[in-house]
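Each residue of the sequence shown is one higher than the one before, starting from 0 at the first, in numbering that gives the first Met the number 0. Just so you know, even glycine gets a beta-carbon here, dropped at the ideal spot from N, CA and C.
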Amino acid sequence: MKSVFLVLIFVFIIILLSSGCKVKGGDSVVNSIGEATMLQDGTIVLNLRGQGEGGMKGDAQLSYPKNHQNYNEILKHLDGLKPGESKPVPPWE
Numbered sequence: 000m001k002s003v004f005l006v007l008i009f010v011f012i013i014i015l016l017s018s019g020c021k022v023k024g025g026d027s028v029v030n031s032i033g034e035a036t037m038l039q040d041g042t043i044v045l046n047l048r049g050q051g052e053g054g055m056k057g058d059a060q061l062s063y064p065k066n067h068q069n070y071n072e073i074l075k076h077l078d079g080l081k082p083g084e085s086k087p088v089p090p091w092e
């Protein structure tokens with residue numbers, strides 16, 4: 000049962016990371032899968048949204064403290080982020 004749950008989570012995250020939704024930002028439209036915010040302690044919080052085939056939708060919130068092994072990769076993907084700042088999350092390619 001636990002392995003089925005892990006597989007479902009994995010599939011859900013893949014759908015979130017590969018799908019994009021249009022977010023209006025000022026005068027331009029940005030391809031985004033959610034929003035990233037950096038907390039005052041440097042933790043990056045990703046609020047992600049995905050939509051799969053057949054209308055399947057899902058949301059996830061992922062937190063990356065400064066000591067997380069993927070922290071620098073996430074920060075680079077976001078093209079930088081400062082404490083208190085929020086920005087759209089582009090899809091991973």
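Discussion item. Quick check on DSSP: helix, strand or coil for Leu80?
Written reply: Residue mapping note: residue 80 aligns to position 81 of the sequence shown, counting from 1. Note: Leu80 maps to coil in three-state DSSP.
Worksheet item: Just the Cα atoms here: how many angstroms apart are Tyr70 and Gln50?
Response: Stepping through the sequence shown from its first residue, residue 70 is reached at position 71. Stepping through the sequence shown from its first residue, residue 50 is reached at position 51. Cα atoms of Tyr70 and Gln50: separation of roughly 25 Å, rounded to the nearest angstrom.
Practice prompt. Taking the CB atoms as reference points, tell me whether Ile43 and Tyr63 lie closer together than 9 Å.
Written response: Translated into the one-based positions of the sequence shown, residue 43 becomes position 44. Translated into the one-based positions of the sequence shown, residue 63 becomes position 64. Judged by their CB atoms, Ile43 and Tyr63 are nearer to each other than the 9 Å cut-off.
Discussion item. Can you give me the C-alpha to C-alpha distance between Pro56 and Arg48, rounded to a whole angstrom?
Written reply: For the purposes of this step, residue 56 is taken as the residue at position 57 of the sequence shown. For the purposes of this step, residue 48 is taken as the residue at position 49 of the sequence shown. Note on residue identity: the sequence assigns Lys, not Pro, to residue 56. Computed Cα separation, rounded: 7 Å.
Worksheet entry | Outcome for Leu38 when other beta-carbon atoms lying within 10 angstroms are tallied against a minimum of 16 | Here the question's residue 38 lines up with position 39 in the sequence shown. Burial check for Leu38: the Cβ neighbour count within 10 Å stays below 16, so the residue is exposed.
Discussion item. Could you compute how far the alpha carbon of Pro82 sits from the alpha carbon of Gln68?
Written reply: Here residue 82 refers to the residue found at position 83 of the sequence shown. Here residue 68 refers to the residue found at position 69 of the sequence shown. Taking the straight line from one Cα to the other gives about 19 Å.
Item to complete: Could you check the C-alpha separation between Gly54 and Asn66 for me, to the nearest Å?
Response: Indexing the sequence shown from 1 puts residue 54 at position 55. Indexing the sequence shown from 1 puts residue 66 at position 67. Near 36 Å, if we compare the C-alpha coordinates of Asn66 and Gly54.
Item to complete: Work out the CA separation of Leu61 and Lys75 for me, nearest whole Å.
Response: Taking the first residue of the sequence shown as 1, we reach residue 75 at position 76. Taking the first residue of the sequence shown as 1, we reach residue 61 at position 62. When only Cα atoms are considered, Lys75 and Leu61 end up about 16 Å apart.
Discussion item. Distance check for Glu52 and Pro89, CA to CA, integer angstroms please.
Written reply: Here the question's residue 89 lines up with position 90 in the sequence shown. Here the question's residue 52 lines up with position 53 in the sequence shown. Approximately 20 Å, taken between the alpha carbons.
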